[in-house]
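J.: To start, I am sharing the structure in question, which I have written as structure tokens.
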Amino acid sequence: MEKIHKVASEIGEANENVLKIILFGSLAERRGVPGSDADILIILKTDDKPFMNRIPEWSERFSIDFPVEIFPYTEKELNKNNPIVQEAVKRGITLFER
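Residues in the sequence shown are numbered consecutively from 21, following the working numbering.
Now the structure itself:
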């Protein structure tokens, strides 16, 4: 978890477009098992690329020693009723915040 936090801080500091990075899911809830991935919500100010096209770019930046699933949403997209995003914001662990 310490490595995830360090990488998230570095990514957030290096990119002005990143508002917040949240760890959610099994690792955040301390119920991860060997092989569990890290679910990461990245909240961006803006991004003109379609959501699915953002995932590879942000996944590459988050290269760590275990699987990571990245969810890079813009602020505007957060306001849409997406249960994954709502759960992440409500129960996740903030790793970086501008």
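Virtual Cβ for every residue (Gly too), placed ideally from N, Cα, C.
I'd like the span of the alpha helix (DSSP H) that includes L98, first residue to last.
T.: Note, L98: alpha helix (DSSP H), E95 to L98.
J.: Can you tell me the Cα-Cα spacing of F86 and S79, whole angstroms?
T.: If you take the alpha carbons of F86 and S79, they lie about 12 Å apart.
J.: Excluding the 5 residues preceding and the 5 following R118 in the sequence, name in chain order all residues of the same chain whose CB lies nearer than 6 Å to its CB.
T.: Correct list, in chain order: L39.
J.: What did DSSP end up calling E117 once you bin it into helix, strand or coil?
T.: Reduced to three states, the DSSP call for E117 is strand.
J.: For the candidate residues I42, L61 and F44, whose alpha-carbon lies nearest to that of Y93?
T.: The candidate whose alpha carbon is nearest that of Y93 is L61.
J.: Helix, strand or coil for F91, going by three-state DSSP, please let me know.
T.: DSSP places F91 in strand when its eight states are reduced to three.
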